[in-house]
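Residues 3 to 199 (the numbering used here) make up the sequence shown, in order. Note sheet for the following structure.
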Amino acid sequence: MLALLGGIWLMGSSQAGAQDLNASDIVRSLSVSKKPRTRSLGKQEGGAPAYSAEEKSLIQSIPTRGLKVEMKQEIGKIIDVRKPPRLDIEIQFDFNSDAITSGSVPDLNALGTALIDPSLSGSRIILNGHTDAKGSNDYNLDLSERRAVSVRHYLLEHFPIEDTRLIAIGFGEERLKNNHDPEAAENRRVEIVNMGG
Numbered sequence: 003m004l005a006l007l008g009g010i011w012l013m014g015s016s017q018a019g020a021q022d023l024n025a026s027d028i029v030r031s032l033s034v035s036k037k038p039r040t041r042s043l044g045k046q047e048g049g050a051p052a053y054s055a056e057e058k059s060l061i062q063s064i065p066t067r068g069l070k071v072e073m074k075q076e077i078g079k080i081i082d083v084r085k086p087p088r089l090d091i092e093i094q095f096d097f098n099s100d101a102i103t104s105g106s107v108p109d110l111n112a113l114g115t116a117l118i119d120p121s122l123s124g125s126r127i128i129l130n131g132h133t134d135a136k137g138s139n140d141y142n143l144d145l146s147e148r149r150a151v152s153v154r155h156y157l158l159e160h161f162p163i164e165d166t167r168l169i170a171i172g173f174g175e176e177r178l179k180n181n182h183d184p185e186a187a188e189n190r191r192v193e194i195v196n197m198g199g
């Protein structure tokens, strides 16, 4: 269980430390236009995911933590198929721990500021914790859940965000970003997903 130097990856970033994130960039990344996506032969840009009634019901019923395996799998499918706005952020944790390092506080503050922006204030936000494939699957699943919960707690303690809006899910090594290198740092991340309101 030598798992997991605790990094969480920002897409396109090669830095190991703070990423100069700002709230307005996060808001832009997580925002959806009010125009729903439709089926078409042309390229679709932007727009709100067109959730089915069943998917909307599931999204509204997601508990804020401690999801059952089946529900996590369903949420994962919805994210893969509907492609709601999302952002991967690199958050550093102490080794083998869910303790957030001080170097990650500025990025969490930028995220918290973005989440209280009026354009995102009604959205349910999923905080998906991910690990690389070092260590056992059970250990990684537990660690990713604890890290997602740690990010959730930080945001709730420091920003006026309704607790029902933030959902912490640990996926462990189930949803690797880099399947060709299962132990790559980019697999250790928290994915921020805007599931809408």
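We treat Cβ as the ideally placed atom computed from N, Cα and C, and that holds for glycine.
**Asked** Among 172, 164, 135, 134, which one has its Cα closest to the Cα of residue 152?
**Response** 172
**Prompt:** For the alpha helix (DSSP H) that contains residue 25, what are its first and last residues?
**Reply:** 25-32
**Item:** Inter-stretch contact (C-beta, 8 Å, three-pair minimum) for the stretch 171-186 and the stretch 104-122
**Value:** no
**Prompt:** Given a threshold of 16 other Cβ atoms within 10 Å of its Cβ, counted over all protein chains shown, does residue 160 qualify as buried or as exposed?
**Reply:** exposed
**Prompt:** Can you tell which of 122, 59, 188 has the C-alpha that lies nearest to the C-alpha of residue 136?
**Reply:** 188
**Message:** Only counting the same chain, and skipping five residues up and downstream in sequence, which positions put a Cβ closer than 7 Å to that of residue 166?
**Reply:** 66
**Request:** Note down, in chain order, each residue of its chain lying with its Cβ closer than 8 Å to the Cβ of residue 119, except the 5 sequence neighbours on either side.
**Result:** 25, 29
**Asked** Could you give the distance in angstroms between the alpha-carbon of residue 185 and the alpha-carbon of residue 142?
**Response** A straight line joining the alpha-carbon of residue 185 with that of residue 142 spans about 12 Å.
**Request:** Alpha carbon to alpha carbon, how far is residue 164 from residue 68? Give it in angstroms, no decimals.
**Result:** 18 Å
**Message:** Which residue wins for smallest C-alpha separation from residue 162, given the options 123, 197, 131?
**Reply:** 123
**Message:** Could you tell me the alpha carbon to alpha carbon distance between residue 97 and residue 145, rounded to whole angstroms?
**Reply:** In a straight line, the C-alpha of residue 97 is about 11 Å away from that of residue 145.
**Asked** In whole angstroms, what is the alpha-carbon distance linking residue 22 and residue 94?
**Response** 14 Å
**Message:** So for residue 163, helix, strand or coil by DSSP?
**Reply:** Reduced to three states, the DSSP call for residue 163 is coil.
**Message:** Applying the 10 Å Cβ sphere with the 16-neighbour rule, what's the burial state of residue 63?
**Reply:** exposed
**Request:** In the DSSP assignment, find the alpha helix (DSSP H) that holds residue 111 and state where it starts and stops.
**Result:** 107-117
**Request:** Would you kindly report the start and end of the unbroken beta strand (DSSP E) that includes residue 81?
**Result:** Not the beta strand (DSSP E): residue 81 falls in the alpha helix (DSSP H), residues 71-84.
**Message:** Could you tell me which whole beta strand (DSSP E) segments of length 3 or greater appear in the stretch 123-194?
**Reply:** 127-132, 168-174
**Request:** Pull up the DSSP beta-bridge partners for residue 97, would you.
**Result:** Answer is none; residue 97 lacks a bridge partner.
**Message:** Excluding the 5 residues flanking residue 53 on each side, which residues of the same chain have their C-beta closer than 8 Å to its C-beta?
**Reply:** 61, 80, 84, 198
**Message:** Within 10 Å of its beta-carbon, does residue 70 have 16 or more other beta-carbons around it, so buried, or fewer, so exposed?
**Reply:** exposed
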